[in-house]
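Below: one structure, written as structure tokens.
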Amino acid sequence: MTELNTLDEEVFGKAYDARLMKRLLRYLGPYQWRVAVAVSVLILASATQVVGPWLTQIIIDEAIPSGDRSFVALLAGGYIAAVLLGAILTYVQGVITTWLGQSVMYDLRTEIFRKFQRMDLRLYDKSPVGRLMTRITNDVETLNELFSSGLVTVFGDVFTLGFIVAAMLNMNWRLALVSFSVLPFVFITAFLFRARIQNAYRDIRGRVASSMLLFMRDSLEFALSNCLTMKRNRPIFMLNSTNLIWMLTSVRLPTTPSFSRLFNFSLHSHLH
Numbered sequence: 002m003t004e005l006n007t008l009d010e011e012v013f014g015k016a017y018d019a020r021l022m023k024r025l026l027r028y029l030g031p032y033q034w035r036v037a038v039a040v041s042v043l044i045l046a047s048a049t050q051v052v053g054p055w056l057t058q059i060i061i062d063e064a065i066p067s068g069d070r071s072f073v074a075l076l077a078g079g080y081i082a083a084v085l086l087g088a089i090l091t092y093v094q095g096v097i098t099t100w101l102g103q104s105v106m107y108d109l110r111t112e113i114f115r116k117f118q119r120m121d122l123r124l125y126d127k128s129p130v131g132r133l134m135t136r137i138t139n140d141v142e143t144l145n146e147l148f149s150s151g152l153v154t155v156f157g158d159v160f161t162l163g164f165i166v167a168a169m170l171n172m173n174w175r176l177a178l179v180s181f182s183v184l185p186f187v188f189i190t191a192f193l194f195r196a197r198i199q200n201a202y203r204d205i206r207g208r209v210a211s212s213m214l215l216f217m218r219d220s221l222e223f224a225l226s227n228c229l230t231m232k233r234n235r236p237i238f239m240l241n242s243t244n245l246i247w248m249l250t251s252v253r254l255p256t257t258p259s260f261s262r263l264f265n266f267s268l269h270s271h272l273h
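Numbers in the working numbering are just positions in the sequence shown, counted from 1, shifted up by 1.
Okay, here's the thing in structure tokens:
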């Protein structure tokens with residue numbers, strides 16, 4: 002069995018574990034007001050994405066055929082305002098969610114570090130260093146992406162899709178039902194794609210752990226080798242340093258008479 006295979010994960014969990022997700026969401030408890038503000042801003046930002054197409058539909062179907070330029074200008078101004086408001090809300094939402102994600106990750110990293118400090122030393126003898134480092138760094142960073150962008154993207158898409166469905170049903174429910182007929186194919190494609198992504202992520206995580214272990218081992222061997230040969234190489238290093246200093250000095254010395262002659266010539270010319 003290759004070294005990579007020995008470092009693979011022994012047990013794989015489910016793609017979605019409600020119990021595990023509940024444990025993760027408890028870290029949001031101390032930041033409830035940030036979550037409330039982020040969700041509110043997210044709902045408003047999702048609504049602005051629907052307002053633009055709705056105003057465009059009114060301009061094309063009603064304002065332009067009627068020839069009312071003031072009405073067209075008013076709707077165009079509303080469209081621009083909706084786009085600007087959506088951009089501002091998206092920026093604010095990004096700042097809040099990033100702040101929230103970093104705060105949660107700080108708490109999580111602190112708890113993991115304290116947990117490792119309490120673990121038995123036999124754990125570090127049995128577990129590869131690369132796997133432990135992957136737990137602390139890569140896995141926690143993945144959770145950071147989950148809190149900072151993953152959940153935001155999911156909820157944002159849900160709210161946007163809800164507004165779009167409501168608008169489509171309000172305009173023409175028959176045509177909306179025809180459009181919804183392709184949704185089963187979309188869900189099937191997403192399910193198959195998720196399975197492939199999950200396997201790829203597991204493979205990448207195992208390779209990262211293996212690569213980190215090999216890198217740390219090579220680095221320690223290199224550092225140990227340097228420490229053992231330092232005393233033997235120190236005289237050679239000092240000799241080389243001394244030779245370098247004498248060489249630079251010998252290079253500068255021949256230039257001194259030349260500059261001296263040039264200075265004397267300039268002074269003599271100036272006086273006469």
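Think of the CB as a built atom: it goes at the ideal place given N, C-alpha and C, for glycine as much as any other residue.
Self-check item: Beta-carbon contacts of LEU90 that lie in its chain and below 6 Å, excluding the five residues immediately before and after
Solution: VAL42, LEU45, ALA46
Exercise. Tell me whether TYR1 is buried or exposed, calling it buried when 16 or more other Cβ atoms sit within 10 Å of its Cβ.
Key: No information on residue 1 is available, as it lies outside the stretch 2 to 273 that the chain covers here.
Exercise. Indicate the three-state DSSP secondary structure (helix, strand or coil) for SER180 in the structure shown.
Key: helix
Quiz prompt | Beta-carbon proximity of ARG175 to LEU101, cut-off 7 Å | solution = no
Quiz item: CA-CA distance, THR57 and GLY30?
Solution: 41 Å
Self-check item: Separation of ALA82 from GLN50, as counted between CA atoms
Solution: 12 Å
Quiz item: For ASP121 versus TYR28, is the C-beta spacing smaller than 7 Å?
Solution: no
Self-check item: Alpha-carbon spacing of PHE117 relative to THR98, whole angstroms
Solution: 28 Å
Quiz item: If you run the structure through DSSP and keep just helix, strand and coil, what is GLY68?
Solution: coil
Quiz prompt | Contact set for LEU76: own chain, Cβ-Cβ below 8 Å, skip 5 residues either direction | solution = LEU56, ILE59, ILE60, ALA64
Quiz item: If you draw a straight line from the C-alpha of ASP140 to the C-alpha of GLN103, how long is it?
Solution: 14 Å
Quiz prompt | Sequence-distant residues of its chain with Cβ nearer than 6 Å to VAL166 (five each side left out) | solution = none
Quiz item: Are the beta-carbon atoms belonging to ALA48 and PHE164 less than 7 Å from one another?
Solution: yes
Practice problem: Could you tell me whether the Cβ of LYS127 comes closer than 7 Å to any Cβ of chain C? | Solution: Absence of chain C from the displayed structure is noted, only one protein chain being present.
Quiz item: How should VAL105 be labelled, buried or exposed, when 16 other C-beta atoms within 10 angstroms of its C-beta is the threshold for buried?
Solution: buried
Quiz item: Which residues in the same chain as VAL153 place their Cβ atom closer than 6 Å to its Cβ, once the five residues preceding and following it in sequence are excluded?
Solution: THR98
Quiz item: With a CB to CB cut of under 7 Å and the five nearest residues on each side skipped, what residues in its chain are close to ASN145?
Solution: GLY102, MET106
Self-check item: Which of helix, strand or coil DSSP assigns to MET120
Solution: coil
Quiz item: Taking just the CA atoms, how far does ALA37 sit from PHE194?
Solution: 32 Å
Exercise. Below 8 Å CB to CB, which residues in the same chain sit around ARG20 once its five sequence neighbours on both sides are set aside?
Key: none
Quiz prompt | Beta-carbon contacts of LEU162 that lie in its chain and below 7 Å, excluding the five residues immediately before and after | solution = none
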